[in-house]
Every structure is written in C-alpha cells, then in structure tokens.
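Here the structure is laid out as structure tokens; the discussion comes afterwards.
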Amino acid sequence: MKNLKFKIISIGIGLLLSLFLGEIVARVYFFGSAAFSYSRTNSFGILDNSGLLKYSDSDELTYELLPNLDTKYKLADFHTNAEGFRGRYDEVYLSDKKIAVLGDSFTMGTGVHEEEMYVPQTENMLNKSATEFNYKVFNYGVSGYALTNYITILERNALKHNPDLVVIGFCASNDHYRIGTDFSMDDFTIKPRKNVFWDSYLKKLLSIKLKSQKQKPIVYEAEHVQYMDEQFQIFQDILTKNNSKGLVFYMDLVYDSVRVQQIQALAKKNNLLFLDVSEFFQDKNLFNYIVNELDPHPNGKANQIFAEKLSSYILANRNDIFNN
Numbered sequence: 332m333k334n335l336k337f338k339i340i341s342i343g344i345g346l347l348l349s350l351f352l353g354e355i356v357a358r359v360y361f362f363g364s365a366a367f368s369y370s371r372t373n374s375f376g377i378l379d380n381s382g383l384l385k386y387s388d389s390d391e392l393t394y395e396l397l398p399n400l401d402t403k404y405k406l407a408d409f410h411t412n413a414e415g416f417r418g419r420y421d422e423v424y425l426s427d428k429k430i431a432v433l434g435d436s437f438t439m440g441t442g443v444h445e446e447e448m449y450v451p452q453t454e455n456m457l458n459k460s461a462t463e464f465n466y467k468v469f470n471y472g473v474s475g476y477a478l479t480n481y482i483t484i485l486e487r488n489a490l491k492h493n494p495d496l497v498v499i500g501f502c503a504s505n506d507h508y509r510i511g512t513d514f515s516m517d518d519f520t521i522k523p524r525k526n527v528f529w530d531s532y533l534k535k536l537l538s539i540k541l542k543s544q545k546q547k548p549i550v551y552e553a554e555h556v557q558y559m560d561e562q563f564q565i566f567q568d569i570l571t572k573n574n575s576k577g578l579v580f581y582m583d584l585v586y587d588s589v590r591v592q593q594i595q596a597l598a599k600k601n602n603l604l605f606l607d608v609s610e611f612f613q614d615k616n617l618f619n620y621i622v623n624e625l626d627p628h629p630n631g632k633a634n635q636i637f638a639e640k641l642s643s644y645i646l647a648n649r650n651d652i653f654n655n
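Numbering of the sequence shown is given in the working numbering, commencing with residue 332 and proceeding in unit increments.
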C-alpha cells in the first residue's frame, strides 16, 4: 500500500514538473529573452484590455490611443505623443518635406520597438540619402482602424501639417472590410487591463501546433472592390484640395498577384500612386518576419523591408511627388 501511494505521489510530482518545464519551454519559444520578464510578458494582451485606449469623441473612430503613454505593448516599449499616436517629432519647418502615414496595426508597429517601426525608419533612410532638404514622416497608425477611420484621421490630424505626401498604409488582409457590414463596432467596449503573465502558454503552444495551419485565401469580392474604390475617391478628393499627393502602400506578408493588381488598378483609377511590398515575401519563410506565432504581425526585420521599399520609392520619385 505504501509503495502504491509512493508511486502515485511520484507520478503526480513528475507530471507537475513536466507541466512546469513545458510552460518554461513554451514561454521561451514565444518570447525568447522576454519569457521571464513580468512587465514584457504581461504586455501581450489584446488591444481592448491593454490599458492603451480611451473612447473617442468622434463617432467615426469609436476609440483612440491614450496620449502621452509610456508603457509596454506586445513585448515592446510603447510611447504615444500628445495627439495619441506612436511617434515623437521635432519642430517642423516650412522647408521640410512632410509625409503623413495612415494605417492600422502594421503602421502603429504592433510588437516592435519605436526605432524598429517602418515609419521612423523611413524618415531616417530618407534623410540619410537626401541632402537637398529635410524629411519629416508622421505616424498616424492605430491598431484596428479601417479605411474610413484613416479618412477621419487625415482630416482631423494629418492635414494640420499640410503634408506633401499622404501614405495610405493599406493592410491587404483586412482593409477591404466595411465597418457596419463586414464587422460592427457597436458592441466594442474597453475592458479593464488583464494580467496575462499567468496565462498558460503551454496550452497556447499546443493549440497552435495541433490545429490546422491552412487558412482560407483572402478574396476581394465585388462589393469590397466597390467599397475600396469609393474610399480611394474620397482620399483623392481631400488630397486634391490640399494640393497633396497620395500613395497606396500595399502591405502584406503573403503575396497574391490578383489582389495586388486589383488594388493597383483602383489606385490608378483614382490618381493615387501605388507601391507593393508584399512581393518581397514571396517564397520566404514568414516565421522570420513575424513577432511570434501568437501574434503574426510584422516584426522589426519586416518593418525594415517596408521602410527600405517605401524610402527607395519616395527618393526615386521625389521630383514628381514634391513638384521640384
């Protein structure tokens, strides 16, 4: 009887140790060196319980980032300026060439440090490569925003700087969705900040590895194409009145020539410039370009590719863009 009890206790202890070690392995797998950092691991919650948001006074936005944040989100340091955007800017001069970048989580830089985001990297690359004038690149990206939200931010915030160029950071996987039709924000609520440090990441790892990895290809239906065409028309009307150029910056880590051609055609129809960065990632190992499997947003390496492509395009076309 004693031997049986001893065996049961030993098996129980062994199972507990196995689960404990498995949890450690899972955390290291997902978070690397940040696996045992309470503040960084605890920053890996979802947006609505992250402590980053406030309700917006604008019906078109629903929520906004809190201004003057100094915290962490998705492992990375996370700061916002007085307007509630992730960017810090020096004084702007009349002689500066100003570029405003609109977008969602790709542009906000989910999971990457400030210096890794493609927007500040683009500014640095432009200023290192050009000597005739100085560039200022403003980041107006907010996770979860859609095309109609970009228009609101353009009119309310970005146009205050009279940008020479407005970049629409087009997230190819979801910017075709229509608020109120394909998804609703009516039931959106900002939840209390959740402590996710104590979540079981072993369970998350097993769930990811056991489920099917095949995803249904994204297709732009006719109604989505019509919607995007309408939004691009609105963009162009606003930009024409402001004497600004517009650029649709097509971002995805999955290359789909059909979708690229559809958006390129819509951009051309509405007199917007077009740049595709997704082709670079064709036949690449995407795990090298995402934050981790829990959050497949572009990592710092992918953001560098975004910045290289965008800055090279702007420099190559600067005479046409800035009317020099």
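All residues carry an ideal CB built from backbone N, CA and C; glycine is no exception.
- From the listed residues R371, E445, Y404 and P398, the smallest Cα separation to I377 is found for Y404.
- Under the three-state reduction of DSSP output, K599 falls in the helix class.
- The C-alpha of F611 is placed about 14 Å away from the C-alpha of I621.
- Minimum Cα-Cα distance from K599 among the listed residues W529, N505, P627 and K576 corresponds to K576.
- Ranked by how close their Cα comes to the Cα of L400, the residues Y394, S389, N412 and L406 have N412 in first place.
- The C-beta separation of T462 from V450 comes to about 22 Å, leaving the pair out of contact by the 8 Å criterion.
- Its Cα nearest to that of L490, the residue L570 stands out among K534, Q562, L570 and P548.
- When the beta-carbon positions are compared, Y581 and A638 stay at least 8 Å from each other.
- Counting only residues of its own chain and dropping the five nearest sequence neighbours on each side, V591 has a CB closer than 7 Å to the CB of Y581, D607 and S609.
- Between the alpha carbons of G363 and N601 lies a distance of about 45 Å.
- Close CB contacts of N488 within its chain, under the 7 Å cut and outside five residues either way in sequence, are with E414 and Y471 (chain order).
- Inter-residue distance for S341 and F528 is about 29 Å (C-alpha atoms, whole angstroms).
- Judged by their CB atoms, H628 and S436 are nearer to each other than the 8 Å cut-off.
- In the same chain as K525, and ignoring 5 residues on each side of it, the C-beta atoms closer than 6 Å to its own belong to G376 and N380, in chain order.
- The beta-carbon distance between F361 and Y551, rounded to whole angstroms, is 32 Å. This is too long to meet the 8 Å contact definition.
- For G363, there is no enclosing beta strand (DSSP E), as DSSP gives it neither H nor E.
- Using a C-beta cut-off of 8 Å, the segment 390-398 makes no contact with the segment 365-375, since fewer than three inter-stretch Cβ pairs fall below that distance.
- In terms of Cα proximity to G631, the closest of E447, D513 and Q562 is E447.
- Under DSSP, H410 takes part in a beta bridge, and its partners are D401.
- With a threshold of 16 other beta carbon atoms within 10 Å, T441 meets it and is buried.
- Distance from the Cα of L425 is smallest, within the candidate group F464, F416, L433 and L578, for F464.
- For G376, the secondary structure class from DSSP, reduced to helix, strand or coil, is coil.
- Annotation for L433: the continuous beta strand (DSSP E) segment containing it runs K428 to G434.
- For V556, the enclosing alpha helix (DSSP H) has its first and last residue at A553 to K572.
- Y558 and D568 have their C-alpha atoms roughly 16 Å apart.
- Across the structure, V497 and A477 are spaced so that their CA atoms are roughly 16 Å apart.
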